Amino acid sequence: MPDELEYCGLLTRWGTVVIRGPVPGIMKHVRLESLATPDDCCSFYATGLRIQTGVEGFGPFLPRHEPEYTYLKDRDGYLTAHLDGTVRIFQEHSNPWERFLVLRQTELEKLHLFITNDWIDETGRKIGRTDIRILEDFQIQVGDNIFSISESFTSDSGSPVVRTREGQPCEIVLWHDRWMPHRYRLFRPLVYFCSFGEFYMNTLELSLQSLSEFGKYDGDILIVTDLTEDTLRAHCPSTAFFKCHIWNLHGQANLDFYAARFRITEWKPLYQFSPLLYMDTDIVVDKDINTSFETIFKSNSISAQMEAFSTIQEGTSVGSELFKMDPRSMDFDLDKPGFNSGIISIPRIEDFDFILKIIHSCIYRFSEKMQNRKSLSHFDQSIANYICTITQSVDLKFLTEKVSYYWNNAIRMNDSHLSERPKMLYTGFVHFWGTPDRTRAMSSYMQSIRDQIPFEGWSTDNSESN
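Structure representation (structure tokens):
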């Protein structure tokens, strides 16, 4: 151990960690995954050749290091982790119950992070938290593989090999048979909404209800808003169904609010998450979407809802004015549909945050250039189409197949503006644009799902007027 003081944690040979007991002078051992944070572990300190603790009656200990573990001895005997969950000075001789793995704070944090999150392995297979288990004798099972914790998580072994984004671990390598690397990428989806003022609270609440009830999603959500947390939660009690994060963001004009979906990279905790799914507040989730996040994560493109009736060459809502102003546009196929920015999937954030930053910056640069924030139709959506096209970073197929839309009192498919939608076909998402009473329409549609009856606004003809 190093000469300077360093926080340590003790992993027992039972696959548990040592914590303080309910009363002074008592220590226990529990499963690491049961702790909200590794800081709940009992703190030990390495000083010179000894390991010390502030728990009365324990230590200082003289460590005896073996290749995979350490024995800790003081004047009364060896520190022992008992089957009843207690940790006491008990044995005069060292046996398996006296074996510990001494972990530095950073090592313990990475081990805790790994066992309390989901991952994608090198084959593209999802490894859930239930597939990860600390075993006895300092082993960890990850899916079908078993690794030595010492070889994969301790600095002395040259591990862990970790890739970070903005200081947050996003990929880790575990080693089989000391030398064969197995890569695991952090998989922690985030669904986020932007909702400013109280006007959109009713639709936000319905969207959250549908995300939980029909979407079967119970993970992390982020709400970007100018409202206080108390006000938001009072209007939207369904936030309690999720791990809800709130980012207070204030703006001075509508453009500030519209651009917020692309300003998301400024939210510092963002880099703990991948993939991302942005949803407008007027979207109802109508079927289980959990498997969709794996597809998003593995994608190599941003995706969005295609506007089949708006080509980027002629559609002002998808940036035709911008393409006409940029002479480089002749290098791209402009005779294709643009997208609606009401729902956007973003794969690994470390690969796509740059695109979001370009879109956000371009929104304000173009506004400053024109000196008129109303000079461009669908300002933020137009620029998103423009940037995603010239950077070749968007593929509309994935989300277009999953999103239907509400128009002229009917729910329609997205492959064609004129297409009839078969009854009771739930695609994943319904975008309720084009209606003055979205709250009523969203509520009615959600009730039709609960009752398993056709929604009153199913499309039944092949014609409509814009």
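Numbering (numbering that gives the first Met the number 0), first residue to last: 0 to 465.
Where a beta carbon is used, it is the ideal one built from N, C-alpha and C, also for glycine.
Keep in mind that this is a model prediction, so the values were computed, not measured.
By the beta-carbon neighbour count (other beta carbons within 10 angstroms, threshold 16), Q380 is buried. Assigned with DSSP and collapsed to three states, S300 falls in coil, not helix or strand. Distances from the CA of K215 to each of D287, D279, V283, L207 were compared; the closest alpha carbon is that of D287. Straight through space, the alpha carbons of W406 and Y444 are spaced by roughly 13 angstroms. Contact between the region 183-199 and the region 220-237 is present: 3 or more CB-CB pairs across the two stretches fall below 8 angstroms.
Under the 8 angstroms Cβ criterion, the region 138-156 does not count as touching the region 203-210, having fewer than three qualifying pairs.
Per DSSP, the continuous alpha helix (DSSP H) segment holding K323 begins and ends at 319-324. According to the DSSP assignment, L203 belongs to the alpha helix (DSSP H) that extends over 200-212. Beta-bridge pairing by DSSP links T79 to R87. Straight through space, the alpha carbons of S360 and T390 are spaced by roughly 14 angstroms.
DSSP places D350 within a helical segment (H, G or I) once states are collapsed to three. I114 is the residue among Y199, R164, E228, I114 whose C-alpha sits nearest the C-alpha of L173. Counting only the Cα atoms, T310 lies some 10 angstroms from D332. Under the three-state reduction of DSSP output, F146 falls in the strand class.
Around the beta carbon of H111, 16 or more other beta carbons sit within 10 angstroms, so the residue counts as buried. Per the coordinates, the alpha-carbon of S302 lies some 32 angstroms from the alpha-carbon of D450. DSSP links C243 through a beta bridge to I220.
Assigned with DSSP and collapsed to three states, N94 falls in coil, not helix or strand.
Secondary-structure assignment with DSSP links C7 through a beta bridge to F43, R103. By the neighbour-count definition (other C-beta atoms within 10 Å, threshold 16), M200 is a buried residue. DSSP places E228 in the uninterrupted alpha helix (DSSP H) bounded by 228-234. R30 has T15 as its beta-bridge partners, per DSSP. In the structure shown, L134 adopts extended strand secondary structure according to DSSP, grouped into three states. Taking each of Y70, G427, P21 in turn and checking the Cα distance to R98, the smallest one comes out for Y70. Around the Cβ of I345, a 10 Å sphere holds 16 or more other Cβ atoms; the residue is buried. A straight-line Cα-Cα distance of about 36 angstroms links S154 and I245.
Between L185 and P159, the beta carbon gap of about 13 angstroms keeps them out of contact (Cβ cut-off 8 angstroms). Remark: C-beta atoms of D117 and R187 approach each other more closely than 8 angstroms. By a beta-carbon distance limit of 8 angstroms, L100 contacts I148. Their separation comes to about 6 angstroms. Sixteen is the threshold: since fewer than 16 other Cβ atoms of the shown chains lie within 10 Å of the Cβ of H92, the residue is exposed.
With respect to the C-alpha of T202, the residue from E349, T434, E455 having the closest C-alpha is T434. A direct Cα-Cα distance of roughly 37 angstroms separates V86 from C243. When rounded, the separation of the alpha-carbon atoms in S291 and G84 is 41 angstroms. Counted as a single uninterrupted DSSP element, the alpha helix (DSSP H) harbouring M441 occupies residues 437-450.
Here DSSP, grouped into helix, strand and coil, assigns A35 to coil. E400 sits in coil when the DSSP states are folded into three classes, being neither helix nor strand.
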